[in-house]
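Comments concern the structure below.
There are 2 protein chains.
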Amino acid sequence: MARLVMKFGGTSVADLDRIRTVAARVKREVDAGHEVAVVVSAMAGVTNQLVAWCQALSPLHDAREYDAVVATGEQVTSGLTAIALQAIGVDARSWQGWQIPVATDGAHGKARVQRIEGGELIRRMQAGQVPVVAGFQGLGPDNRITTLGRGGSDLSAVALASALEADRCDIFTDVDGVYTTDPRIVPRARKLERIAYEEMLEMASLGAKVLQTRSVELAMKERVRVQVLSSFEDKPGTLVVDEDEIVEKELVSGIAYSRDEAKVTLRRVPDRPGIAAAVFGPLAEANVNVDMIVQNVSADGTTDLTFTVGKADLARTLDTLRARSGEIGYAEVSADSGVAKISVVGIGMRSHAGVANTMFRALAARGINIEVITTSEIKISVLIREDATELAVRALHAAYGLDAAG
Amino acid sequence: MARLVMKFGGTSVADLDRIRTVAARVKREVDAGHEVAVVVSAMAGVTNQLVAWCQALSPLHDAREYDAVVATGEQVTSGLTAIALQAIGVDARSWQGWQIPVATDGAHGKARVQRIEGGELIRRMQAGQVPVVAGFQGLGPDNRITTLGRGGSDLSAVALASALEADRCDIFTDVDGVYTTDPRIVPRARKLERIAYEEMLEMASLGAKVLQTRSVELAMKERVRVQVLSSFEDKPGTLVVDEDEIVEKELVSGIAYSRDEAKVTLRRVPDRPGIAAAVFGPLAEANVNVDMIVQNVSADGTTDLTFTVGKADLARTLDTLRARSGEIGYAEVSADSGVAKISVVGIGMRSHAGVANTMFRALAARGINIEVITTSEIKISVLIREDATELAVRALHAAYGLDAAG
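Sequence lines, in order, name chains A and B.
The first sequence: position 110 = 110 (full-length UniProt numbering), numbered continuously.
The second sequence: position 234 = 234 (full-length UniProt numbering), numbered continuously.
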């Protein structure tokens with residue numbers, strides 16, 4: 001017997017038939033003797049509609065009212081799912097964030113979970129009842145409804161799994177797991193049986209949009225075992241776990257790519273203390289998310305600084321930098337939207353030399369030029385021309401032996 | 001300066017444009033120096049959709065889950081209306097039933113308000129903030145959301161007006177007041193400036209569906225002055241007040257009619273104690289609402305018993321009576337769906353003789369036969385053939401001098 005949290009996203013509860021399917025899936029686990037808590041998102045499309053209404057009434061609306069409005073999506077699904085479970089003989093009841101409560105900080109619209117009071121839910125699960133928890137929402141210190149930001153239902157599920165000391169948190173979604181790379185690019189991509197939290201974080205933030213990044217961070221911190229699996233097919237997904245649980249560590253677990261970034265280069269920036277802060281401070285204030293940052297050794301007292309930002313933020317980035325050109329003192333700023341970022345991710349590379357060289361050789365063999373390189377402990381990222389993305393991903397997938405047999 | 005509760009129904013908040021219109025209306029009262037609390041219904045159609053979903057998943061669904069689901073309609077409107085108010089510079093915040101709290105009993109789906117804690121709202125109104133309260137909902141003793149039954153937002157508004165000691169409770173709706181009769185039948189029907197609670201009760205339950213009956217009862221009990229007015233036109237509506245506030249008491253305030261009732265007659269029922277209970281007890285258990293009841297003096301130890309039920313309940317009524325025919329011991333049961341009920345209502349008739357006779361003569365003059373008569377202190381009702389409804393209403397409206405000067 002295990003204690004499970006089962007989380008169903010918007011497409012999994014998009015209409016009454018799918019809610020019935022969800023109920024049947026939950027019943028199967030209950031019948032198998034498990035203690036089950038369910039977390040649900042809003043029915044697909046509902047949250048967008050509610051957000052659009054708030055936006056239309058006032059672009060700069062009160063985040064507390066936004067929270068009261070958008071949290072209703074999950075409230076509806078929690079009640080309907082409880083009804084669907086009861087209809088097939090499963091004892092169930094809905095729980096709203098304020099009822100449990102899921103205590104959060106007061107940052108309405110993007111609140112952080114501080115504490116979930118799990119005692120009452122555990123008692124009811126032990127007595128055979130299935131709590132159906134409205135995801136995405138909590139209760140702020142002002143006794144008002146808070147929401148956790150887009151994708152927040154994953155976070156609700158992981159936080160609840162931690163509070164309930166669940167053996168596993170199953171995230172049901174419209175993909176059946178985490179793949180070595182995008183199967184649309186590499187048909188021989190393999191579904192990973194297991195992936196380490198750290199790898200998942202790198203994969204998630206690199207565009208393999210399976211799990212919300214914050215929920216992976218929380219799972220890693222609280223050591224919650226997460227499974228990503230399909231709500232439409234009945235087969236195991238990918239387990240996201242501590243690397244200690246991964247016996248056969250692969251050198252490289254996956255190849256990720258992103259075409260959403262643009263490269264910005266500041267030439268001949270004076271090489272003095274505080275210069276990075278002078279560049280990136282104003283960008284942070286302008287709400288620009290900076291990803292890769294590369295600074296090379298200087299020559300004659302100046303250096304070149306290259307970094308990437310989201311393509312959507314590029315205009316704002318350039319405006320900000322030009323407004324501060326006097327303070328920063330660069331000779332020239334250039335931007336390039338025609339790049340793609342390709343990353344090789346794997347906890348195994350920590351203990352192995354030569355991983356980077358395999359990458360560079362594979363790309364060179366296809367005549368792909370590398371413009372920028374950054375590395376972390378478990379990741380190597382390069383910028384290349386955007387039109388070489390597919391070629392690069394396929395080459396690397398093969399070079400690291402990730403192609404499925406067949 | 002007055003303290004006002006302004007309640008807006010589903011058609012008044014049906015879309016974002018109407019919500020903006022509501023906000024502008026509220027702002028006008030705030031600008032005039034009044035303290036204002038707002039109560040809102042769900043956007044038109046939303047509640048029906050939510051109810052249909054619960055129904056489709058399980059016809060006999062858990063009323064507690066139903067409440068969690070359907071209460072979201074008002075939650076959305078309260079948040080959106082607060083945003084719309086803020087957008088035009090009015091300090092406002094939404095309040096859910098559980099936040100105030102609006103304490104109810106535990107009868108989920110049709111809960112009764114027990115107590116509203118008004119102190120915090122009054123303090124905020126005095127400080128210039130407009131509370132926007134989600135109607136129709138409260139908090140049960142089980143710490144779960146309750147709803148007050150269909151039309152319950154009127155009840156929320158009246159109960160809130162009582163708790164806030166408001167000077168008036170304005171019910172904005174899609175009609176501009178209470179008329180002497182249905183203007184579709186009598187074009188010269190007049191809008192009443194004032195109507196007594198007791199009259200409004202008789203008018204409301206007779207089919208002038210302007211205000212939910214329970215909300216009128218509560219207003220009468222708590223002496224809340226209620227105004228019914230249009231949310232689309234800017235003019236005074238009808239004040240529902242204590243009869244002491246009505247200086248010029250009219251003999252008859254209005255003519256009401258209902259085509260929704262069917263007549264049932266039990267012939268030769270034994271005239272003995274307990275016979276009425278034997279008939280109406282089982283009907284109550286079968287959830288049949290009985291309206292008029294007439295029993296005439298008996299002859300040779302039996303009597304005829306006539307009553308009316310909703311047409312939709314007629315089949316169930318006859319089934320119930322036939323199943324109990326042995327216990328009741330009637331000779332024959334007959335039913336007639338071709339009737340209409342016409343009622344003359346007015347607090348003035350208490351102190352005046354001859355009101356009934358005016359009615360009987362007016363109907364006789366048009367050759368309309370009266371099948372059944374019942375009277376109360378402020379109402380005379382008759383059953384006639386359904387096809388004479390319009391003729392009867394027009395004749396009575398004229399006979400009591402209610403026609404507007406043309």
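Where a beta carbon is used, it is the ideal one built from N, C-alpha and C, also for glycine.
Asked	Found
In chain order, which continuous runs of the alpha helix (DSSP H) of length 4 or greater are located wholly inside the region 47-108 of chain B?	63-70 and 72-87
Whole angstroms is fine: what's the gap from B/Ala-276's alpha carbon to B/Thr-302's?	13 Å
Going by DSSP, which residues form a beta bridge with B/Asp-336?	B/Lys-263
Using DSSP with H/G/I as helix, E/B as strand and the rest coil, what is A/Glu-199?	helix
For B/Pro-270, which beta-bridge partners are listed by DSSP?	B/Thr-302
Near A/Ala-71, which residues of its chain fall below 6 Å by C-beta distance, leaving aside the five closest residues on each side in sequence?	Gln-137, Ile-145 and Thr-147
Is DSSP giving A/Asp-167 helix, strand or coil here?	coil
In the DSSP output, which residue or residues are listed as bridge partners for B/Ile-275?	Answer by DSSP bridge pairing: none, since B/Ile-275 is not bridged.
Whose CA, out of A/Ser-78, A/Ala-159 and A/Val-130, lies closest to the CA of A/Ala-103?	A/Ala-159
Less than 8 Å between the beta carbons of A/Gly-149 and A/Gly-177, yes or no?	no
For A/Leu-201, which residues of its own chain have a beta-carbon under 8 Å away from its beta-carbon, when the five flanking residues on both sides are left out?	Thr-213, Val-216, Glu-217 and Met-220
Where does A/Arg-194 fall in DSSP's three states?	strand
Hey, how far is the Cα of B/Gly-140 from the Cα of B/Asp-105?	6 Å
Against chain B, does A/Asn-369 count as a neighbour if the rule is that its beta carbon must be under 8 Å from one of theirs?	no
Quick check on the burial criterion: 16 or more other C-beta atoms within 10 angstroms. Buried or exposed for A/Ser-376?	exposed
Beta-carbon within less than 8 Å of A/Gly-45's beta-carbon, same chain only, minus the 5 sequence neighbours each way: which residues are those?	Gly-10 and Ala-14
Against chain B, with Cβ distances strictly below 8 Å, would A/Gly-45 count as a contact?	no
Leaving aside the five residues before and after A/Ala-163 along the sequence, list all residues of the same chain whose C-beta is less than 7 Å from its C-beta, in chain order.	Ile-116 and Gly-118
Among B/Lys-263, B/Thr-320, B/Ser-12 and B/Asn-369, which one has its Cα closest to the Cα of B/Gly-338?	B/Lys-263
How would you label A/Met-349, buried or exposed, when you count the other beta carbons within 10 angstroms and need 16 or more for buried?	buried
Just the Cα atoms here: how many angstroms apart are B/Pro-183 and B/Val-39?	28 Å
Does the pairing of the region 289-305 of chain B with the region 254-271 of chain B give three or more beta-carbon distances under 8 Å?	yes
Which of the three DSSP states, helix, strand or coil, is assigned to B/Glu-327?	helix
Cβ closer than 8 Å: which chain B residues qualify as neighbours of A/Gln-86?	Ser-58, His-61, Asp-62 and Glu-65
Would you say B/Leu-121 lies against chain E (beta-carbon separation less than 8 Å)?	Among the protein chains in the structure shown, which are A and B, there is no chain E.
Is residue 409 of chain A helix, strand or coil when you go by DSSP?	A query on residue 409 of chain A cannot be resolved here, the shown segment of chain A reaching from 1 to 406 and no further.
Scan the UniProt domain "ACT" (344-406) of chain A for residues whose Cβ lies nearer than 8 Å to a Cβ of chain B and list them as they occur along the chain.	none
Going along the chain, which residues of the region 163-189 of chain B sit with their C-beta nearer than 8 Å to a C-beta in chain A?	none
List the residues that DSSP assigns as beta-bridge partners of A/Tyr-400.	DSSP output for A/Tyr-400 lists no bridge partner at all.
According to DSSP, is A/Ile-378 part of a helix, a strand, or is it coil?	coil
As a quick exercise: from B/Ala-278, B/Met-43 and B/Ala-63, pick the residue whose alpha carbon is nearest that of B/Gly-326.	B/Ala-278
Between which two residues does the alpha helix (DSSP H) holding A/Ile-122 run?	119-126
If we cut at 8 Å on Cβ distances, does A/Gln-99 have a partner in chain B?	yes
Using a Cβ-Cβ distance cut-off of 8 Å, determine whether A/Ser-94 contacts chain B.	yes
Pull up the distance between the alpha-carbon of B/Lys-7 and that of A/Lys-7, whole angstroms please.	39 Å
Can you give me the Cβ contacts of B/Arg-124 inside the same chain, cut-off strictly under 7 Å, excluding the 5 residues immediately before and after it?	Pro-131
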